[in-house]
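Residue numbers (my numbering), protein chains in the order written: chain A, 599 to 869; chain B, 60 to 548; chain C, 231 to 520.
Only one structure is covered here, and it is reproduced in the block below.
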Amino acid sequence: MKINLRIMILAVLFLSNLAMASAVLAQYQVVTVTDGGTVTGNVKWTGTKPQPVTLPITKNPDVCAPNGQKTRDLERIIIAPDGSVENTVVYLKGISKGKAMDLPEARRSLDQKNCRYIPHIMLVPKGDDLTMVSSDPILHNIHMTGVQLYNIPFPIANHPVKRPFQRDGETDLKCDAGHVWMNSVVMTVESPYYAITDEHGNFKLTDVPPGTYTIEAWHENWQIARQESVMDVDSHQMVNRPIFADGMTWDKSVTVPAKGNVTVDFQISQK
Amino acid sequence: MIKWFPKNSRGIQSPLLSTFVIFGLSLVGMMLSESQPVYALPLYKVAAIPAFARKYGLPCSACHTAWPELNNFGLVFRDNGYQLMNDRDSPIWQNPSYFPITFRITPQWHRESTSNQPVDSIPGGGTGSTLVSRNVTQAGFDLSGMDLWSAGTIYKNISFLLLPSSDPFATWHFESAWVRLDNIKGTSWLNFKFGRFELDNLISEKRFLFLSANGGIYQTYHFDVPGSINDFGIGDNQIGMELMGHNADSSMRYSIALLSSNEGGTGLTESNLPGGLPSNRSFDGYMAFTKSFNAGSWGYEQFQAYAYIGQRATYYQTTSGTPLVGLGNEPFYRIGFAGQLHFKNLELLPYFMHGHDNAYLGTLTPDTSGLPAGTKGPAFNGGFLEGQYFVNPQLVFFGRFEKIDVAQQAAINLGSVPDNYGNVTAYSVGYRYYPIMFSRAGLAWHNEYSITKSIGVVPESLDGSGLPPILNTQGVWSSSIFVGFDFDF
Amino acid sequence: MTPKKLAVTFAFGSLALVTVGATSVLAQSHINPPDPALGTPSVATEESHIGAVTGHAADGEKHYIRYCIGCHGPDGNADGMNAQWIDPKPRDFTKAVFKCRSTPTGTLPVDSDIFNAMTRGFVSTNMPQWRPLTPQQRADLVAFIKTWSPRWAQEKPGTPITIPPETPDTPESVERGKVLYQTTLKCVECHGPKGLGDGPSAPSLRDNDGNPIKPYDFVNGSRFKCGTTNEDLYRIFMTGLDGTPMPSWSDFVDPNQAWDLVHYLRTLQRNYHPRHTAKAAAKSTDQKGG
């Protein structure tokens, strides 16, 4: 009896792993979705709100602090008064077929304005270009680490530059020109079933082929893994850049009805 | 044809066999044991510091085929004045606790056995005791001499080496001491060295793999025809100055040196004349040219042609009282070629030398008196072939065969010695196993068997013990079995 | 004890010692191969092609153990036992990010880029000039280096940039280069107005691994990281030094401007002797009309 159960569990695990693996490994296929459903939902914070991470504006305050702010929020965790969490990436994990790419163009255009990356999270379909531009009259550069490694300067405003993003995964962006608070994330994705929560914490995925999926919420980490700082000998200033821990994920299961709507809400917290 | 197992030397054969047993068994032991990664060592963050490996963070194997022998990368490093040429060579870039010192010593067990030694016919020497030819054998634990080696850069493009060295009895001398101006005028073709240094021999005796009494020298590097008052050996460090140049990867190198004619002695005291009293009055010259050829995946094939032209005194300026200052210099020369040939893990080192001393040097007569017509100067031809096989950077097998033939006996001996008087044959075989190979220190487990033979004289050996045979026609065999831990820090 | 007995005793003593020593202490250095699930190229088959020479990773592995493992480590990730003592840190081959390339930023270098970097070494670092190894040995090492990162199995190297012939080195070219450096491209932010590497952003610079890094000091520096010639300098700022804050300026500089910048940058160097005089400038103006 025991042995049978063990074998059954193993068989289930094996088969599901196989399914997962094949789902992950398989290329995304575009099909016509005639009876697609919608997944909507909300991401809310539970528990004590973390302190936002800020850094002093130590460079180009005339451009980077137009309202005279002394510090800049690194935008790692944005929680509205009602607990809604912005900038959470919600997606159907491992979906292998569905509608054609229809991710918004705004999510693959990056502007550097007042020493800030707009938007903070980008979604670029695999193989597509990210268009980057600076609206600031000072020197920025976009230094990427992760799956893409471009390093491109922006000494001149309104001069866009494009680069293809061909490897799926996460890319982190930073600026080396003294604006140590600038940071953003690019997700290169294979399916269009990605959404980013707005300021109300809401997201929506449309035209999802009916079925059961794992839906995952990813949020960048606001917890500092380590600080790097060095004393600049000339100015006697300590210059810091925090290094954040890896992003965090929360999983749920969702069954999408044909031509219907299903709601999935996430509660995320300090893990 | 030299017999490997000489018939009438009784004690020699069984140690030979036993030695092979030692090698074979320890080799099998090694092969059977499991290899473990070197870097399983816990890392101790102490400022403990072997000199160049510590300075640059390279493993020993980066510069050495098997230390102390250099590979081509190590040769270029040395030619550059112990610099990697990345503007990080000057001591100012090092932590002040870094000190460029390495010491090396080899505790050992060894067995020396020499044949045809004159021993008492009656043990204890009683009435009527005469001298008879027998083997003399000694064995036991022992220490080698110690090298306290300091070398590196004083400043960018100024390098130095200081090597106080002791014999096993802790008698110290300066084996090497020099300063070198490197890359003069910004070119690697001009480097000027001044002091006491090893000649630019392609096959360096100071950095070879042999340690035993009979194997620890190249016979050719120290050979003088018996009876010649010449004391020169190309393997001995000389005092003088050297201009040396090389290209970026040392595939082409030249060396020209001007040296004192006193066999590297200090205090102007060394003399080739009997008595060894102050002598130096002249200069020797040495030149060598080396060329390497790229043999692809085999490595580099290096060839060197060299010539040493020197002079030695034939009489003293003062005769009554204390003889001082040698005069009557007569020349000698040593010329030949050397090679370092790489065939992936196999390295072959051929060497040839032709040596010739002026006739007066073979007579013990001042050159102011005449010599009988047709008197010829002592001359010899010698050479060796050495082979090394590197199983991996931590295990090397080596062997050598050497032969020296006296082509012309010294005039003073003519008629009283056989034609092959002084001829040398030498064999050596062994292995070194380096249990650790990282940048802080080195350890080698060294096993070697060497045997030399000379006709009518005792072979030259590191321990210098041994007596000439009773008859000058007898061949004297001398063998060493050497087992030791060679370590440096 | 007879010599024979002594020798035999010693034989067994040696055997015991060596066996104990070899098993309990340490023996041969060896590589820790990457996890096969990562999809790195196979050591048995990976090759490199530099000119007429084809390198083989299997041979390169042996050279790596001899020459490279002390710094670059048995895992290829710059965790060699000497890496903790040296600055700048050795390259982490598992990331496949290389400073000196002829290919655009964000792309893999071609084999000859790695070969040349290894041959030249890196000034003001512990990375030696490996010129004393034969070209075949260096090519074998290039092939082996590529087995550390799955990127070599997943991506093709970038296309090397074209470097057009150098424009004349005239005072006007230098002046145009000066405007680019000081004003338009804002190189001064990191490299400083005199090229000393003391610009206002310089203290905050970090490489990809988070280690502090300094911009090149044109005044006091010797060789560039990636060469010595004008062409090398052109290539450096047109492809960028990946893994460092130095970006690729090819989107903002056309080839003529790039040569102007090269000519200006040379004037910053301590041993710079003006190569152009009014006479030479007049001559070159005649030749090309400016």
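Positions of the beta carbon are idealized from the N, C-alpha and C atoms, including for glycine.
All figures in this text were calculated on a predicted structure; none of them were measured in a lab.
Whether residue i touches residue j by CB criterion (9 Å)
i: N175/B; j: I529/B; result: yes
i: D241/B; j: T349/B; result: no
i: P339/C; j: G388/C; result: yes
i: N712/A; j: D680/A; result: no
i: I393/C; j: M468/C; result: yes
i: S437/B; j: N331/B; result: According to the sequence displayed, residue 437/B carries Pro and not Ser. Result no, Cβ atoms of P437/B and N331/B do not sit closer than 9 Å.
i: A678/A; j: C420/C; result: no
i: N640/A; j: G799/A; result: yes
i: W231/B; j: F219/B; result: no
i: T335/C; j: Y748/A; result: yes
i: P362/C; j: F548/B; result: no
i: S520/B; j: E257/B; result: no
i: N549/B; j: T373/B; result: Given that chain B is displayed from residue 60 to residue 548, the structure contains no residue 549/B and the question cannot be resolved.
Simplified DSSP state of residue i, which is helix, strand or coil
i: Q625/A; result: coil
i: A823/A; result: strand
i: D309/C; result: coil
i: R43/B; result: No information on residue 43/B is available, as it lies outside the stretch 60 to 548 that chain B covers here.
i: K760/A; result: strand
i: S149/B; result: coil
Residue i CB to nearest heavy atom of the ligand SAM below 8 Å
i: F763/A; result: Only the bare structure without any ligand can be found here, which leaves the ligand SAM out of the picture.
Residue-chain proximity (residue i, chain C), Cβ-Cβ < 9 Å
i: N273/B; result: no
i: V135/B; result: yes
i: Y280/B; result: no
i: S149/B; result: no
i: F541/B; result: no
i: P166/B; result: no
i: M785/A; result: no
i: N250/B; result: no
i: N749/A; result: yes
i: N739/A; result: yes
i: N296/B; result: no
i: T861/A; result: no
i: L100/B; result: Any answer about L100/B is weak, because its pLDDT of 26 lies below 50 and its placement is not dependable; what the coordinates show is given next. It does; some Cβ of chain C falls within 9 Å.
i: M720/A; result: no
i: D206/B; result: no
Chain B within 9 Å of residue i, Cβ atoms only
i: Y502/C; result: no
i: I295/C; result: yes
i: F352/C; result: yes
i: D322/C; result: no
i: M357/C; result: yes
i: L363/C; result: yes
i: G251/C; result: With a pLDDT of 46 at G251/C, under the threshold of 50, the modelled position of that residue is not reliable, and the figure given next carries that caveat. Chain B, which has a Cβ nearer than 9 Å to the Cβ of G251/C, makes this yes.
Contact set for residue i: own chain, Cβ-Cβ below 7 Å, skip 5 residues either direction
i: T474/C; result: K329, D437, I443
i: H286/C; result: E277, D370, A373
i: E405/C; result: none
i: Y280/B; result: E264, G292, I293, G294
Chain-order list of residues whose beta-carbon lies under 8 Å from that of residue i (same chain, five-residue window excluded)
i: G323/B; result: R255, D295, N296, Q297, I298, E329
i: P263/C; result: V273
Beta-carbon proximity list for residue i, same chain, < 6 Å, skipping 5 on both sides
i: L207/B; result: F162, P223
i: V353/C; result: S452, R453
i: N472/B; result: G286
i: N67/B; result: Note that N67/B has pLDDT 32, beneath the 50 cutoff, so the model's placement of it is unreliable and the number below is only indicative. Within the same chain, N67/B has no close Cβ partners at all.
i: P382/B; result: L336, Y375
i: T853/A; result: T810
Proximity winner among the options, relative to residue i (alpha-carbon distances)
i: M303/B; options: G474/B, R137/B, K512/B; result: R137/B
i: I822/A; options: T652/A, F842/A, P654/A; result: F842/A
i: H527/C; options: K408/C, D481/C, T349/C, H293/C; result: Past the boundaries of the shown model lies residue 527/C; chain C is included only from 231 to 520, so the question cannot be answered.
i: E673/A; options: E797/A, V628/A, L728/A, G696/A; result: E797/A
Test: residue i CB closer than 9 Å to a CB of chain A
i: K416/C; result: yes
i: C420/C; result: yes
i: N450/C; result: no
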